[in-house]
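Working notes for the structure below.
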Ligand SMILES: NC(=O)c1ccc[n+]([C@@H]2O[C@H](COP(=O)([O-])OP(=O)(O)OC[C@H]3O[C@@H](n4cnc5c(N)ncnc54)[C@H](OP(=O)(O)O)[C@@H]3O)[C@@H](O)[C@H]2O)c1
C-alpha cells in the first residue's frame, strides 16, 4: 500500500516511515527537503499519485499564535484538496490529547483548527491524539525554569515515547478510518513535577523541581486531568525509566548535563508569545 507520510523526515515521521517499510508498505517521506511543501502546495500532486493513505505528522516551524494557525490551516487545506483530487482513501493526522482544554494557547487553537478542517472534509479520516512525548521532558523543564528552580503544577501526566507514538499511528494508518479521534498515552500515570524531577535526576541536572499549584504548563493553566487521556486510550509499552536509560546510551545530547542546560529554545520563546 502506498502511504505518504507528510512530515516524514521529523521525529515521529521518520520512525513511522521505517516501521511502515518494515511491514512491506511503500512509505514515502514527504517534506520540504524531499520537494514537498504543504504550505505552498509544491510537489503535492506528484507525491500523492497512487497513494491510498496520507499521514500528516507535520509541525509548524514557528509556534507564535498567528503563524502556527496559518501553518496548520493552510497546510491542512492544501493536503485535503490534493488528497480529494488524487483519490486518497484515508487521512490520518497526529494531534494532542486535551487540545480542546488548552485553547488559551495559540498552538492548541491551531491544532483544533487542523482537526476541524479534517472533520469537515469529505476524506475518511482518523485523528490520533497523543500525550506529550518523553523526548521533550527537558524542553518542559527549560520552559519552566526560574533561576535554579523548575516550577510545575502537580497535575496528572501520562507521557509516552515517540517510538510508541509512531507504532500507534502506524497501526491506525493501515487500518480502516475511524472518522473520529483515537487517544493514545503512556503506560504510566505520573505527576508532571515528578516526571520532570525523575528526568532531570537521570541526567544529573542539578535544578530543583518544585510543585507549585500556580505554575503553568507552557504558559497554560492546567487542571488535574487536563493533560491525560480518557480511560479507553490505547497505551504505549515503553516506560519512562527504561526510555531514560536507553536514550542516555544512544543520544549524545541526552548525556548528563552538569550545568543544567537552561538554554532558552526558539520554541519556548514562541510559546511565550503564543500564550
Ligand atoms: N510534542 C509532543 O509532545 C506532541 C504530542 C502529541 C502530538 N504532537 C504532534 O506531533 C506532530 C509531529 O511532531 P514532531 O515532533 O514529529 O515534529 P517535527 O520533528 O518537528 O517534524 C515536523 C515535520 O514536518 C515537516 N514540515 C515542516 N513544514 C512543512 C511543510 N511546509 N511542508 C511539509 N512538511 C513540513 C518537517 O520537515 P523539515 O524538517 O524539512 O522542516 C518535519 O519533517 C505535530 O503535529 C505535533 O503537534 C506532538
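Residue numbers (the numbering used here): 485 to 759. Built from N, CA and C at the ideal position, the CB exists for glycine as well.
- Between residue 499 and residue 646, the beta carbon gap of about 6 Å places them in contact (Cβ cut-off 8 Å).
- When only Cα atoms are considered, residue 715 and residue 672 end up about 12 Å apart.
- Three or more beta-carbon pairs separated by less than 8 Å are not found between the region 599 to 606 and the region 637 to 652, which leaves the two stretches without contact.
- If you compare the alpha carbons of 613, 529, 681 and 535 with that of residue 581, the shortest gap goes to 613.
- Distance between residue 701 and residue 525, taken at the CA atoms: about 34 Å.
- Comparing alpha carbon positions, the residue from 677, 538, 650 and 690 closest to residue 565 is 538.
- DSSP places residue 651 in the uninterrupted alpha helix (DSSP H) bounded by 646 to 658.
- In the displayed model, residue 579 falls within a strand according to three-state DSSP.
- Shown here, residue 717 sits in coil according to DSSP, grouped into three states, outside any helix or strand.
- Put simply, the region 631 to 638 touches the region 682 to 695. At least three CB pairs are less than 8 Å apart.
- Residue 513 carries a strand assignment under DSSP once its states are collapsed to helix, strand and coil.
- With contact defined as three or more Cβ pairs closer than 8 Å, the region 617 to 627 and the region 580 to 600 are not in contact.
- Of the residues 667, 677 and 619, the one whose Cα lies closest to the Cα of residue 729 is 619.
- Taking the Cβ atoms as the reference, residue 650 lies roughly 6 Å from residue 503, within the contact range of under 8 Å.
- Taking a 10 Å sphere around the C-beta of residue 709, we find fewer than 16 other C-beta atoms and assign the residue as exposed.
- Residues 641 of the same chain have their beta carbon placed closer than 6 Å to that of residue 674, with the five preceding and five following residues left out of the count.
- When distances are taken from the beta-carbon of residue 542 to the heavy atoms of ligand 1, the shortest one is below 8 Å.
- As for any beta strand (DSSP E) of minimum length 3 sitting wholly inside the region 511 to 573, the runs are 537 to 540, ordered along the chain.
- Counting of Cβ neighbours within 10 angstroms places residue 535 among the buried residues, the total reaching 16 or more.
- Secondary structure note for residue 685: its alpha helix (DSSP H) is the uninterrupted segment 676 to 686.
- Inclusion of residue 719 and residue 676 in the CB contact set at 9 Å is not warranted, their separation being larger than that value.
- Secondary structure at residue 595: helix, using DSSP grouped into helix, strand and coil.
- Residue 630 carries a strand assignment under DSSP once its states are collapsed to helix, strand and coil.
- In the structure shown, residue 701 adopts extended strand secondary structure according to DSSP, grouped into three states.
- The criterion of a C-beta distance shorter than 9 Å is satisfied by residue 492 and residue 514.
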